[in-house]
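Counting in my numbering, the sequence shown runs from 1 upward without gaps. Please read the structure below before turning to the comments.
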Amino acid sequence: MEHQILHESAGARRLDLERASELLARYPDVSGKEAREILTILRDGRYLDVGIITSNPQLKPRLDAFVADHWDKFQARSGQAETIAGLIVLLLFVAWAIWASLF
Numbered sequence: 001m002e003h004q005i006l007h008e009s010a011g012a013r014r015l016d017l018e019r020a021s022e023l024l025a026r027y028p029d030v031s032g033k034e035a036r037e038i039l040t041i042l043r044d045g046r047y048l049d050v051g052i053i054t055s056n057p058q059l060k061p062r063l064d065a066f067v068a069d070h071w072d073k074f075q076a077r078s079g080q081a082e083t084i085a086g087l088i089v090l091l092l093f094v095a096w097a098i099w100a101s102l103f
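Right under this line is the structure:
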């Protein structure tokens, strides 16, 4: 089996981080396209990059305003909550079955 690893350049990640920071610093004076860009970076970006952006005290008021204005976009996507609940129930059932087989 052959695995292919795709590497994202550090420069591209830095640009995303800088772009998101720049857009958030200008919020709410951004276009709809730029607001979608911020949303995409916050929802689908690397955890480290999102953590850096959200921990910046200078951006916090703008980030809070952005999240308040777009809170509905940060909710669980359709089907995600049901899938997570189903997996938890399945995990509990498997754990119970293993426990019951031991005793």
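Virtual Cβ for every residue (Gly too), placed ideally from N, Cα, C.
{"Item": "Length at least 4, wholly inside the stretch 25-96: the alpha helix (DSSP H) runs in chain order", "Value": "32-44, 47-54 and 60-69"}
{"Item": "Environment of residue 21 [buried if 16+ CB atoms lie within 10 Å]", "Value": "buried"}
{"Item": "Candidates 49, 92, 83 and 68, of which the one nearest residue 35 by Cα", "Value": "68"}
{"Item": "Option in 71, 73 and 38 with minimal Cα separation from residue 59", "Value": "38"}
{"Item": "Whole-angstrom C-beta distance between residue 53 and residue 24, which should lie under 8 angstroms", "Value": "7 angstroms"}
{"Item": "Straight-line gap, residue 31 to residue 16 (C-alpha atoms, nearest Å)", "Value": "17 angstroms"}
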